[in-house]
Amino acid sequence: MKKIAILGSTGSIGTQTLEVVRENQDMQVLGLSAGRNIDRLEAQIREFRPKLAAVWDMQAAKELSIKIQDTNTQVVSGMEGLLALAAMPETEVLVTAIVGMIGIKPTIAAIRAGKDIALANKETLVTAGHLIMPLAKEYHIQILPVDSEHSAIFQCLQGECRETLSRILLTASGGPFRGYTQRELAHVTVEDALRHPNWSMGQKITVDSATLVNKGLEVMEAKWLFDVEPKQITVVIQPQSIIHSMIEFIDGGILAQMGTPDMKLPIQYALSYPHRRSLPGKRLDFSQLTSLTFQAPDMETFQGLPLAIDALKTGGSMPTVFNAANEKAVAKFLHREIRFLDIYDIIAEAMARHQKIPSPELSEILAIEEETGQWIESRW
Ligand code: NAD
Ligand code: MG
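Here the numbering used here is used: the first residue of the sequence shown is 5, the next is one more, and so on.
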């Protein structure tokens, strides 16, 4: 029996993880958690009967414990609750399906408790990869990628000798605004940004896909997961989202992982690794597929990507500033307090004013997040 806890079970990745668990008799969920959506969490608790449910919001946690009095699930709350869920003695793996840097502490707690990590929460690696990766090594745990591109790379690397990897070709759909000019981007709305052509995801990552910040975060995620230099990662626009990423070897050979866009595949692969299992769903039909197209990303218009590459090359605490500024800016955009292109200005200004700390400790990372957020609040 594979015993699992899910950080962020009510979101897009969380609910799809539960769909995978439902289809696999030998997987069991012992911990669920949410920010404040206790209605969905209650339904999940009644179906999966976990030992522990963590709710961030204290009031919502109280309401939930009254609602589920008739069950054996214990409710915990706040960061303490997330840490308890991450380190539950009975589990083997933590699925990090939470959004944002809030995932850092629970991920560290889970590693220290010897859990493998099925990692969707890329913001944690982007900001604390220099702490997480060595810790994973020290505790002999596996970090299994759930992000579709990184799962694709991971799948292509199976059976290969790591030293023969020459380059990662990280694919991107280009998002809903592919082909737009800067002028056109100036007027896009929240609704426009939330209309992703190929994937149905949480709001934050959907906006990140529209700005190409998501691809920037994924470049940094790839650096940590696969220990490559920034120059070894090339972003390729593949609008149909059929090639999920590719790797090039030192002999010029390229392997690609393809399929219809379905996050259940990378989720299930991470949970059943090293084995591959049956997964129902739509199959790629090459007789219906008229074309697979490719483009270079428009780095002039979609500044999310070059800003991320800058942050990665600068290193140290700069990726934390990039990510924290983006989290704050996207929240403001979703609240209609700023315009789409302001997201880039906010990130660029936050990075310009930051004095890099070469290898920030956890407390410094969290302090930078806080300070960046406060500065944006006072300035925008
Ligand atoms: P989402 O917004 O749909 O879900 C987020 C989950 O986190 C929800 O369950 C929410 O309740 C929970 N959460 C938020 N704040 C919390 C808090 N303070 N305490 C406890 N729980 C909290 O997001 P998503 O699209 O599922 O994305 C989750 C992560 O996975 C992100 O890092 C994203 O970049 C990554 N990811 C998502 C997809 C996708 O297809 N959705 C693909 C690749 C990577
Ligand atoms: Mg992705």
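Every residue gets a Cβ at the ideal spot worked out from N, C-alpha and C, and that includes glycine. On a predicted model such as this, the values are computed, not experimentally measured, just so you know.
| query | Around the Cβ of G220, are there at least 16 other Cβ atoms within 10 angstroms (buried) or fewer (exposed)? | reply | Its Cβ being crowded by 16 or more others within 10 Å, G220 is buried.
| said: Bridge partners for E84 per DSSP, in chain order? | reply: In DSSP, E84 forms no bridge with anything.
| task | With hydrogens ignored, establish whether the beta-carbon of D212 is closer than 7 Å to any heavy atom of the ligand MG. | result | Checking the Cβ of D212 against the ligand MG gives no.
| Does the separation of the CB atoms of V33 and I17 fall below 8 Å? | No, Cβ-Cβ distance for V33 and I17 is not below 8 Å.
| query | Between which two residues does the beta strand (DSSP E) harbouring S177 extend? | reply | Counting along the chain, S177 falls outside any beta strand (DSSP E), and DSSP gives it neither H nor E.
| query | In the structure shown, what three-state DSSP assignment does H154 receive? | reply | Under the three-state reduction of DSSP, H154 is assigned to helix.
| query | Mapping DSSP to helix, strand and coil, what is M322? | reply | It is helical.
| query | Are the region 278-297 and the region 316-336 in contact at 8 Å, needing three or more beta carbon pairs? | reply | Contact between the region 278-297 and the region 316-336 is absent, because fewer than three Cβ pairs lie under 8 Å.
| Any residues whose CB sits closer than 6 Å to a heavy atom of the ligand MG? List them in chain order? | Close to the ligand MG, as judged by a C-beta nearer than 6 Å to any of its heavy atoms, are the residues D151, S152, E153, E222, in chain order.
| query | Heavy atom of the ligand NAD less than 7 Å from the Cβ of A124, yes or no? | reply | The answer is yes for A124.
| Is I102 near the ligand NAD, with its Cβ less than 7 Å from a heavy atom? | Yes, since a heavy atom of the ligand NAD falls inside the 7 Å radius drawn around the Cβ of I102.
| task | Look at I147 and A156 and say whether their C-beta atoms are less than 8 Å apart. | result | Inclusion of I147 and A156 in the CB contact set at 8 Å is not warranted, their separation being larger than that value.
| field | Status (buried if at least 16 other CB within 10 Å, exposed otherwise) for N76 | value | Here N76 is exposed: its Cβ has fewer than 16 other Cβ atoms, across all protein chains shown, within 10 Å.
| request: Count the C-beta pairs between the region 314-325 and the region 258-266 that are closer than 8 Å, then say yes if the count reaches three, no if not. | output: Because the criterion of three Cβ pairs below 8 Å is not met, the region 314-325 and the region 258-266 do not touch.
| query | A38: beta carbon under 7 Å from a heavy atom of the ligand NAD? | reply | A38 Cβ: within cutoff of the ligand NAD.
| field | According to DSSP, residues forming a beta bridge with S249 | value | Residue pairing by DSSP puts S249 in a beta bridge opposite Q261.
| query | beta strand (DSSP E) containing Q32: first to last residue? | reply | Run containing Q32: 31-38, per the beta strand (DSSP E) assignment.
| task | Between the Cα of A197 and those of N125, T210, Q186, spot the shortest distance and give me the residue it belongs to. | result | Nearest C-alpha to A197: T210.
| How long is the line joining the alpha carbons of V97 and H191, rounded to whole angstroms? | Approximately 43 Å, taken between the alpha carbons.
| Regarding E127 and the ligand NAD, is the C-beta to nearest heavy atom distance less than 7 Å? | The answer is yes for E127.
| query | Does the separation of the CB atoms of L87 and S37 fall below 8 Å? | reply | Contact flag unset, no.
| request: Can you tell me which of the three DSSP states R340 falls into? | output: R340: coil per DSSP, three-state reduction.
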